[in-house]
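With the first letter of the sequence shown counted as 1, position 16 gets the number 449 in the working numbering; the numbers rise by one all the way through. Have a look at the structure below before the remarks.
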Amino acid sequence: PVKGKGKKETEVVLFHFGKTTTSGQVISEMEKAGCRPAQIEELLALGASQPDLQKQFPIVALGSVWRDSDGHRDVPYLHWGGVGRDLLLR
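Structure, rendered in structure tokens:
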């Protein structure tokens, strides 16, 4: 569930590796840079404030993990599907 209400100023740092990486590798690089994975609330706020950014590349919030009934983990991400903006799980 989305937590909190109102506004909170947060600095967003995007990490882009230009290749396929694991969540663990990405989180490790974030921690080395003094950052943490974004939560879904921050992902949604970024999508609202910069709606064209997700047209350039998918934006993933590794800090919000959902487990399905089989135990598979998914994370929310913003994507441009060619027709419009999407919020998906992957």
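The C-beta atom is built at its ideal place from N, Cα and C for all residues, glycine as well.
Taking all protein chains in view, the Cβ of P491 is surrounded by fewer than 16 other Cβ atoms within 10 Å, so the residue is classified as exposed. Assignment of L511 by DSSP, reduced to helix, strand and coil, places it in the strand class. Rounded to the nearest angstrom, the Cβ distance from V508 to V516 is 23 angstroms, too far for a contact under 8 angstroms.
In the DSSP annotation of this structure, the continuous segment of the beta strand (DSSP E) that includes L521 starts and ends at 518-522. Residue pairing by DSSP puts R506 in a beta bridge opposite R500.
Judged by pairs of C-beta atoms under 8 angstroms, the stretch 467-483 touches the stretch 443-458, as three or more such pairs exist. Just measuring C-alpha positions, the residue of G451, G480, L495, A481 sitting nearest A471 is L495.
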